[in-house]
Structures are given as structure tokens and as C-alpha cells.
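*Asks:* Each residue of the sequence shown is one higher than the one before, counting from 1 in UniProt numbering. By construction, the Cβ of each residue, glycine as well, lies at the ideal position given by its N, Cα and C atoms. If you scroll down you'll find the structure; I have some questions about it.
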Amino acid sequence: MGNLPRVDRKVLSSYAAPKVYERWESKPQSLMLQSLQAYPMTLLRGGLCRLFTALFVTSQPLLLKRTIRWFSEPSTPVSDAEGYGLIGAYLVVYGGRAVFTALAQHQNYRLITMIRASLVSLIYDRTLTLDLVEAKESAALTLMSTDVERIGQGLQFVHEIWATPAEFGVAIFLLQREVALGSLAPVIIIIVAIVGTVLLSMKIDPHQKEWIGAIERRIGSTTDMLRNMRGVKMSGFEDALTSILQAMRVEEVNISRATKLLFIGCQVFSTATATISPVLGFTIYVMMQRAQGKPGLASSSAFTSLSLFSILSSSVYIFLTSVPAIFSGISCFARVENYLVSENITGPTDAEGQESEASSISAEEISIIAPKIAPSDYLLVIRDGSVRWKGQEKAVLSQINLCIEQGSFCVISGPVGSGKSSLLYAILGEASLKANTFHISTTSIAYCQQSPWLPDISVKECVLNGRDWDEDLYKRVIHACALSEDLAQLSAGDHTKVGYEGGTLSGGQRQRVALARALYSRRTLLLLDDTFSALDPKTEKSVSGNLFSSSGLLRELGTTVICTTGKPGNSNKYADYTLDLNKEGEAQLRNTQKDMQDDEIEASTYNRRQNGPKKQEEDANHESNQSPETSQEHELAQESVPTLSSMIFYLRSTGMGFFALSFSLSLVYSFWQNFPTIWVNLWTQHDAKHPYGDLAKYIGVYILCAVLALVTHSVVTWLVMVLMVQRSAQGLHEILLKTVARAPMSYFESVDIGTITNHFSQDMEKVDLEIPLTGVQALFAFTSALVQLVMLSIGTKWMAITFPFIIAILATIQRQYLKTSRQLRLLDLEAKSPLYSHFTETLSGLATIRAFGTHTQCQSINTERLDCSQAPFYLLYCAQRWLTLVLNLVIGAMAILMMGITIKLRGSTGAGYIGLAFVNLTTFSQSIQSLLTWWTMMEASIGAVHRVQQFEKETPQEDVLGQVTSPPHSWPKTGLIELKELSASYLSSVSPVLRNVTFTVQPGQKVGICGRTGSGKTSLILCLQRMIKINSGSILIDGLNTSHVPAKTLRERLICIPQDALIFNGSVRLNLDPQSSFTDKQLQDNLRRVELWDLISSKGGLDAAMQDGLLSHGQLQLFCLSRVLQKKSPIVILDEVSSSADEESQRLISKIIREDFKDRTVISIAHRLQQIADFDIILVFSQGQLVEQGSPEDLLGRDVSLFQELFSQQDK
């Protein structure tokens, strides 16, 4: 990217986007017109250049007619001089056409590039104001990729829509002078073709919307799977989800058939003008001439007419091709406009954190809540408030009365599903809050959501979050969040990238990094949504004391804190207020003792002379010039692309038999399409000797050629666009899915998810449309050029001598163009990946972005990445413009050469052969230009197939062929687990995350795993499922080494519930049973077992959509538990399933473990040690080592025990 030439700043988003943005803000209607009117001079200059191009195009038949007449005249000094003058005329006409065509394209491509920048910027800005419920199913990614691309494709024809009718009108006028009433034939046919095409194009819109909707659903579901790949693998859902996504792909392809069939119909109409118009025009003319007793068809009129028919057919073809493209672009403009004008939330918080003017609240209103406190002391007041989510009639919370002093600490507690998170969202403005009184005296808010949102940047960048560097504050925040030890263990310290969705960090580390970000922002109000749920007791106690005690950082900063929790914790004891919520959504506010003594609390205070690890101090003081990263960008651009192997790979996906049939029929079409020029020459020669002789034969054969050409063209287009696409679209998508499913988890930690998403969106779009469209046109152009070469040799044999040189020149042009265009195409896709990833990240973290008010920062990142993607996007258009210019100049040189040969051949051959040569030169040049244009476009598009091929080839696999074998169907049968000297590591770790771990779990035993956050608990679970690298040692289940079992099979045979609830886009039924293994009754029974059926049945039952607000975080964990109740496996693995659960839910989970899993081996990670206090064995980890194991009673009874220490700290 750095080696690309600098592009004009006017095509960059920083310059282009404000022009449309200002117009749209002042008048938000008709986005298409606003976009075009924002760049009037570019549009006008392009139109003027296109007008001059049309003048040069319509001059060519006149030049041909004069050439044929001059050739028929006797040779004289004057006529010889005129011949050389005709060479100059050819130079002017063909040279002018080449130059002005390039200039028109230049202006048009600039317009497309600027409008792209504007639309992507508008879409992103609108995305920042999306309602959270809408964001779940947002079409932003599809709009800014698929829709904006199709708008660009439509804008390529913005001047053709008026220029081609103008060329058509001039050509009809000139044709009338040659064949009189015969000129009405193309008019009638073209009118029918235009009407038919417009009618078909109008039907394309609803079908295309349905098609794009199917694409959105598939890409949305695919993105969800990729974002939650760890949970997908842990749950053993790879096959289930790939089957669902493949079924969605098949449905999408079937939906697209209607659009493609309508497109083929448009192609039939456009082809009819080229095949039927000449024969019908000549027939009418000859019949009229015969009836009037006038001479028949002369050579000069015949070949001039053929040239005019060629212009007519070309103009109509371009016009009819442009109509569906423009209609498609208009439809996409409408989709973007609807997105931009849809309802949004109140808007992002001011990034500077300026305090807003307080709402007007009377002293009487305040006194109702807390009469002893003056109004100025309040930061937040809610009186008689109710909270509901968009689209839901029933309030989540009601009768909320809350009064928060400035600098105070309020805890919101309540059972699962009581609305704790919803209340925080309401304070943020994300959920609807209606109240008799609502007052908040600040917009300086920080927020930590329950599932932390971290962009894929370094830990340090996450904490700073765009704010100025303050070394002292940074160190204090890192210490307060107990992150010093964790950062020291990472490969690059705080410069380590957190990975996509924070995948490099553990759950507790993610929460503490998000907390550190909130603390470093120094906001007036801090909202914490169950931020300590993934922390072990010791870490929770330390962090709580560091923050909330009388000497804590938040008290020192005077920050007002509202914290939700579903369980009693260390932070509760510091609270000034507690708001208790019940399951009915009602609330009660009570005071907590504020004068609580801190003597019993071992909360460490910050020492400015604290000596941390030396490396940490260096990292805090200095930015490293280039630090290693845990997330490496996926290399897209390569030095060469094996085009031949990619094409073979693609053709195999379509079916080689279909390709052979299509090629054969295309040759047949090209023969019937081009043979009539020879037939007309024979006709004129015969008519000169025998006027109107064998007229029926000549007209009949001409009609037969036209009909056969039309039929074969339609059949080939149908074969390529429908049958072959159906096979390739499904086959290549399945290859992508299988490759993703068998890739190891380490791969997803090292690759940008946007890059993988590109394969499923951009690459599949090219497979669906661009490759077959460009491929079929290149096929027609290639076979036509072959036939026309033969016919050109018939016209002037001397011209055939130049063919090897011309072919060599064209091959050189193509090679030079492809060398550039391939790299630009790959760089274009490479530059789009960060842009798409930023969109996806933004959608995931909307609440956090708006709470911190960092929307300006996010917009700057979007602008930077968009400008980066504009360069290869625009330069690719520049390369295409260069190709068009050079090809037109080569064609002009061929015409001049032909005219020179004509001068030398004068008097030695018939004028008909010269006319035949020039007409075939025109059609041959059109075919060559079409061939190289469509071929290079196809090769650029075939890069999508190459990327799929390389993705399959280069993506590592979890299982090495020959090292794994499928276990018996009954395995595992008992649930015996043995770990022997196990050591394992992540890619990003300096040292192993697990070291020499050895233990045995007997069948049916219940094993609890505990330890400090980051001690290796989750890593052990991942090792059991072969999701991280095992350096040494072994894991045996029922005596079988799991390294010899296919990873996917291993995970399918175990039951595992990950820490983060795994939810897909779709219905409750789909989420409960993605493999479709159980009946509705069984699913309902499972939901009743976890006490969720009454709630879900009231919201639509199993067919209800799983969307934000349907279930709380704690309820989602119960939901995931219900998912596995019917699954048969002797081993159950639970990764913090009760982290967001209240006490009642915890008791329910414990009951299910005791009763439903009583005969199974259970391994459960827990920070709430009461949850595992009745287990058979406790394993205690510290810094990746198993430091204690034994029964709970044994460990609690020891004089010195880490488990006892953790347990006692949790009780305090």
C-alpha cells in the first residue's frame, strides 16, 4: 500500500464526503440527486467528453461510405491525393474517439470514487446513532459493501443513458439516407427491446431486494459465527452452523435465479437489435426498391448500412445493459437513503465530557425522594420511571425512584432478568425511559458493559482510548485494576494486541482492561454492568478495595459510580446506596452505612515509588518503535496470481461439461452472428449481375442466421449465468465454510476477522455475478474475434500479414495491464478489510462508544481507513481507463493501416471486399476491445476464486492427516479423564499458560476448578477440547489420547458451555437445537427445567427471534444450560456458567448439576466457590500450575491453603 502513487485529494473522503454530507444534512431527501448535484462540474465535464465521443463514433460510417466510393472511382492524381487525405481523416476520427472516450471515463470514475467516499461516510455516521436492537440486525456492512459497489456499477452508465439514444438518433438519420424506410426496422425492434427491457428491469428491483436481503441474512449469521468462533468450537457446533449457513447460501442462490433470468431476458432484447435489425431493414428496403422499379442493394449502401447497424446495435446494447444497472443503482441508493432516514437514538455523548445544563426539577419534586439533600448535590434523579426496549410493549422496569449524590457509589442488585442492565442502558439513552422526573447533570459518562467490548488494538491503546498520555494516572489505573502481573506475562506487555473481540485475553482480563479504560477517562459518572463477574475472589477483593474504599482511586477522583450485580460481592460493602430490583421489574432504594470501617479490608493503596517489573516501567515511559503483535494481518497481495490454476479451479466448480458445452455453442453463435457480412457481399455481387435474383434465398438464409444467433446466445447466457453459477456459488461457499470449521482457534487469533468476512461477502458476490457476467461476455468476444479474423482475411488478404504483430501488441498490453490490475484488485480488497472490520467492531461496541463519546475518534478512524481504501479503488479505475485508451489507439492504427493497404489495392479487387474488410475491422476491433476489457475484468474478478483457493490451501487445519483416527461411536463411555505432565501455550504467551499439569478425574466425579484470574483455568478447558497448542504431555479420555481424535469429533462428543453465552441470529428453536435433534416438546421441557419457558412463551415461544432485550445475561446462561440437557455425553464442562447469575439462579444451576448430571463427569470453572463447595474434587491453579487438589473439606481444613484463602475472601 505504501508504494502506491498518491491520488488526488479530491477523491479522498476527507474532501469528497463533506460535499454530500452538507447537502444531506440541510435537505435529507433524494440521496441520489443530492449525491450527483454535489459534484456538478465533474458530472458536466464527463457529459461534454461523452458528447464528443458520440460525434466521432457517428462519423465512422460516413468515412466508410466515402472510402468505398473512392475505391470504386478511377485512379487520378486528385483522387489519389484524396486517398491520402482519407488516412488523415481516419487519424482524426479514431484518435479523437480514443482521447475523448478516455477523458469521459476519467471524469466518470472520479465521480464514482467521490460518491463512494460520501456514501460510506454517511452510512458509518448513521451507524453510530443506531438503536441497539436495530444494530443487532443492521445492514450497514452490506450497504457499504454490496450496495455501494452496485451504485458504482450503475454510475458507470450515467452518461450512456442519454448519449446512446443520441447516437441511435443520428445513426437512424444516416441509415434513412441509405435504406429509406428500411431504417424503420431497427426503430421498431429497438422500441420493442427498450420497452421490454424497461418492463423487465422494473421487475428486477423487488427480486433484487429479496436477493440482497438473503445476502444480508447469510453474511450477518456468518459474521456472528466468526465473532463467536471460540464459543462455536467449545460447544461443538461447527458442523451444525456450517450446515445452517450452507442452507442459507442455497436459499440465496435460488432466490437470485429470478433476478438472473430477468437479466437474461434483457440480454435477449439487446441481442435481438444486433441480429434481427439488419436483415429486417434490408428486406424492407429491397422490397420497396423492387416495388418502385429501382435498383436493388448496392455495395456502398449495404456496407455503410451494416456499419450503421453496428453502431445502432452497440448503442442499444449499451443502453439496455445500462438500464438494469442504473435501476439496480437507484434501488441501492433507495436502500441507503432508507437506512439514513430511519429512526435513531438520542445521539452520542459529547466527546469532551462537557456538563450539560441540568433538567428543570423543583425542590418539591426532589424532596419527595430525599428531602434532606439539596438539589445541587444530585447527579442523577429518576422519579416514577419505567424502562422498555424498542418494539416491546411491556416495560422491563417500572416505578423506578432513584436519587444519586455526586461522588457517591450505588449498587443495583437483583435476580436474573430483573432489568439491571436495562436501567443502565436507560441512563445512557439506549433504552426508552419514561419518568415524571428525570435529571442527569452531566454528559461525562464512562461505561463498562457486561460483555466487555475491546477493539482489536493494543492493551495500552484500549486503556488510553484516544485520550492524552498521563503516565502517573496510567500506572495508578493499571495497579488499581490489578493488571501489572497480567501484562508482564504477555509477549509485548501492554503493547500486545487484545485480538478480535479481546480473544487474546481471558474473561477476567477483558473486564479489567475495560475497567481500566473507564478509569483512565476520568469521567464524572461511571456505570459498571456486573464488571466483576469473571474475577476470582482474590482479584475482585483487591480491585474493589483499590477502587471503592475510602482511599480508593474512584473516591479520590470524586467519581459517581453505579454498579449492577447479581450476587453479594466485595464491592457491595462500600456502597452508599443499594437499589434492589425484583423479577416484576419494581425497585426499592435504600441507604447503606457510609461510615463503614476499612480496617478489616486489605485494600492496598498506591505507592508512587512502587517498583513494578522493569519492562512494565519502560513500556509505560516510552512507546516502542515496533512491538510484536499477537494479531498479524492476513497477506492478500501477492507477487503473482496463478490465473490458469484459478480458472481451472473455478471451471471445475462449475462443471467442465457445462463449460465445454457453453464454449461450443458460443462458437456456433459467433458464426451465425458474423456470417451475414459475407452473405451480404455475395448478395450485392449477385444482385449487380442478376437484379433481385434468388431474393428469397438470400433473405431466408439471412433470417435463419439471425434466429440461430439469437437462440444460441440466449442458451449460452442461461448456461453460464444460471446453471454454472448455481454449482460454483454453492461449491465455493461450502469450501470456505469447511475451511473455517477445521481451522484451529489460534488462526482466528492471528487473522483479522474482516479478512475472512471478505471471503464470504466480496468474494462470493464476485462468484455470484461478476465472474459469470464478465466470463460470458469474454467468451462471446473471444469466439467472435476468431470468426472475424477469418472474415477479415477474406476481405483483404494482405491484412492477415499484420495479424501476428497485432496479436503480439495486444498480448503485451494485456500482460502489462494485468500485472498492474491484479495487484490493484488485491490491494483494493486488502484495504477494504480494515474498513469492514472497523464497521463490525463499531456495531459490537455502539453502547460503549456512545457512552464514552468517542464517536469522533471512531469517525476519524473510519475516514483514515476509507481514504486508504480509496487509493487502490481509484487507481484500479485509472488502469482500466488506460487500457481503453491504448486499445482505441491500436484500433485507430489498424484502421489507418487498412486504409493504406486499400490505396495500394485500388483497382485490383472489388469494392464489396473493401467494404467487407472495413466492416469486419470495425466489428473485430469491437470484439478485441470487448475481449480484453471483459477478459481483464474477469481475471480481476477471478482473483476472488484464487483467494478462495489459497484460503483453502494455506489455512492451517486442526487435524494433521494421518495423525488422527475416528474413535468408536460409543466413545467416551465412562468419563475417565487423565492429564499427564501437560504443558500448553497460546501464540501470544511468553511462557506456557499451563505447566506440568497432572491429575485424574474418575467417572462421575464432580471437579471444581478455581484460581486467580489468568491462572490457567480456561486454558485447561481449551486444552481438553484441543483448542490451544499442547507443548508436551497428554490428555486421555477413557484411555484414548485426545491428540489422536479429530478435534471436531472430540468437541461434539463432550458437553461444554462457554463463559460467554453463544447466541445466533434466528429463532429460539434454532438457538436451542441448531442440529435439529430434538422435538419441540423436549425443547420446551428443557426451558421449563431452567425456569425460562413462561418468559419465552409470553414472547412468542420457540418461534420468537433471539434479539437483544429478550433475555438478560444471566438468563442467557440458563438458556445455554438448557441447550445441553438432552445431549448424551458422560463429560460436562462448565466455564463460569454462573458468573452473571443471581443467588436463586445459582441454586438452580447447582440443582441441575446434582440431578441432571449426577452420573456424569463434571468439570466446572467457578469464581463463586460456594458453587463448587459440594464437589468431589477441587483443583486450584496459580500462574498456570496446579498448586492444590483434593476434596473441599480437605483443602479447607489445611493450615495453609490457597483454596481456603480464596474461600474466606469471598465470604467477607
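Beta carbon of G46, beta carbon of A117: below 8 Å?
*Replies:* No, Cβ-Cβ distance for G46 and A117 is not below 8 Å.
*Asks:* For E633, which residues from the same chain have a beta carbon less than 7 Å from its beta carbon, with the 5 sequence-adjacent residues on both sides left out?
*Replies:* Summary for E633: the model assigns pLDDT 38, below 50, so the residue's position carries little reliability; its value from the coordinates is reported in the next sentence. Here the set comprises D752.
*Asks:* Quick check on D763: buried or exposed, where buried means 16 or more other Cβ atoms within 10 Å of its Cβ?
*Replies:* Classification of D763: buried, given that the 10 Å Cβ count is 16 or more.
*Asks:* By Cβ distance below 6 Å, which residues in the same chain neighbour T242 in space, the five residues on each side in sequence not counted?
*Replies:* Result list for T242: L737, A741, in chain order.
*Asks:* Which residues bound the beta strand (DSSP E) around Q399?
*Replies:* 397-405 is the extent of the beta strand (DSSP E) around Q399.
*Asks:* What do you reckon, are the CB atoms on V1124 and I1057 nearer than 8 Å?
*Replies:* Cβ atoms of V1124 and I1057: closer than 8 Å.
*Asks:* If you count every other CB in all the chains shown that lies within 10 Å of the CB of Q610, and 16 or more means buried, which is it?
*Replies:* Interpretation of Q610 is limited by its pLDDT of 36, a score under 50 that renders its predicted location unreliable; the figure taken from the coordinates is listed afterwards. Answer is exposed; the Cβ neighbour count stays below 16.
*Asks:* Quick check: the Cα distance between K475 and Y520, rounded to an integer number of angstroms?
*Replies:* When rounded, the distance between both Cα atoms is 10 Å.
*Asks:* Sorted by chain position, which residues of the same chain lie with C-beta nearer than 8 Å to Y90's C-beta, five sequence neighbours on each side aside?
*Replies:* The residues are L63, G892, A895, I896, M899.
*Asks:* Near I1137, what residues of its chain come up, given a Cβ to Cβ distance below 7 Å and the 5 sequence neighbours on each side ignored?
*Replies:* Looking at the sequence provided, one finds Val at residue 1137 rather than Ile. Closer than 7 Å at Cβ, skipping near neighbours: I1057, Q1117, L1121, I1149.
*Asks:* Output the boundary residues of the alpha helix (DSSP H) element that contains L737.
*Replies:* That run of the alpha helix (DSSP H) goes 725-742.
*Asks:* Quick check: what's the CA-CA separation for L792 versus Y650?
*Replies:* Distance between the alpha carbons of L792 and Y650: 34 Å.
*Asks:* May I ask which residues mark the beginning and end of the alpha helix (DSSP H) holding A185?
*Replies:* Looking at the DSSP string, the run of the alpha helix (DSSP H) that includes A185 is 184-227.
*Asks:* Extract the residue ranges of the alpha helix (DSSP H) inside the region 30-80, only unbroken runs of 4 or more that lie entirely within it.
*Replies:* Runs of the alpha helix (DSSP H) inside the region 30-80: 31-37, 40-72.
*Asks:* Grouping DSSP H, G and I as helix and E and B as strand, with all else coil, what is G1197?
*Replies:* It is helical.
*Asks:* Just to confirm the assignment, what range does the alpha helix (DSSP H) spanning D1085 have?
*Replies:* It spans 1080-1089 - the alpha helix (DSSP H) in which D1085 sits, taken as one unbroken run.
*Asks:* For a test of the three-state rule: what should DSSP assign to S413, helix, strand or coil?
*Replies:* Correct three-state label for S413: strand.
*Asks:* Are D529 and S421 close, meaning C-beta to C-beta below 8 Å?
*Replies:* Result yes, Cβ atoms of D529 and S421 sit closer than 8 Å.
*Asks:* To the nearest angstrom, how far is the alpha carbon of L779 from that of E939?
*Replies:* If I take the Cα positions, the gap works out to 13 Å.
*Asks:* Looking at C-alpha atoms only, which residue of S441, S299, K832, L155 is the closest neighbour of G915?
*Replies:* Residue S299 is the option with its Cα nearest to G915.
*Asks:* Going by beta carbon distance, what residues of the same chain come within less than 8 Å of T739, once the five residues before and after it are set aside?
*Replies:* Within the same chain, T739 has close Cβ partners F951, E952, T955.
*Asks:* Taking just the CA atoms, how far does L661 sit from T654?
*Replies:* About 12 Å.
*Asks:* What's the call for K973, buried or exposed, on a 16-neighbour Cβ count within 10 Å?
*Replies:* It counts as exposed.
*Asks:* What residue does the alpha helix (DSSP H) around R1160 start on, and which one ends it?
*Replies:* Careful: R1160 lies outside any alpha helix (DSSP H) and carries neither H nor E.
*Asks:* What do you reckon, are the CB atoms on E749 and G499 nearer than 8 Å?
*Replies:* Yes. Within cutoff.
*Asks:* Please state the DSSP three-state secondary structure of Y577.
*Replies:* Y577 falls in the strand class under three-state DSSP.
*Asks:* The alpha helix (DSSP H) with F803 in it runs from where to where?
*Replies:* Segment 803-844, the alpha helix (DSSP H) holding F803.
*Asks:* Please give the ranges of any alpha helix (DSSP H) in the region 8-33, keeping only runs that are unbroken, at least 4 residues long and fully inside the region.
*Replies:* Within the region 8-33, the complete alpha helix (DSSP H) runs of at least 4 residues are 13-26.
*Asks:* Under 8 Å by Cβ, that's how I've got Q1185 and I1177 pegged, so tell me the actual separation to the nearest angstrom.
*Replies:* Contact doesn't hold; Cβ gap of about 17 Å is too wide.
*Asks:* With V170 and Q726 assumed to form a contact (beta carbons below 8 Å), what rounded beta-carbon distance in angstroms separates them?
*Replies:* Their Cβ separation, rounded to whole angstroms, is 42 Å, which puts V170 and Q726 out of contact at 8 Å.
*Asks:* Would you mind working out which of Y817, V477, L155, R1053 sits nearest P324, comparing C-alpha positions?
*Replies:* For the residues Y817, V477, L155, R1053, the minimum Cα distance to P324 belongs to L155.
*Asks:* Since V561 sits in a beta bridge, which residues does DSSP pair it with?
*Replies:* DSSP lists F409, L526 as partners of V561.
*Asks:* Alpha carbon to alpha carbon, how far is P613 from L490?
*Replies:* Low confidence applies here, because P613 scores a pLDDT of 36, under 50, leaving its location unreliable; read the following figure in that light. Rounded to the nearest angstrom, the two C-alpha atoms are 12 Å apart.
*Asks:* Round the Cβ separation of L424 and G385 to the nearest angstrom and send it over; I've been treating them as touching at under 8 Å.
*Replies:* Their Cβ separation, rounded to whole angstroms, is 13 Å, which puts L424 and G385 out of contact at 8 Å.
*Asks:* If you compare alpha carbons, which of R177, E765, V187, I928 is closest to S301?
*Replies:* Ranking the options by Cα distance to S301, first place goes to R177.
*Asks:* Can you name the residues that DSSP bridges to D468?
*Replies:* None, per the DSSP bridge assignment.
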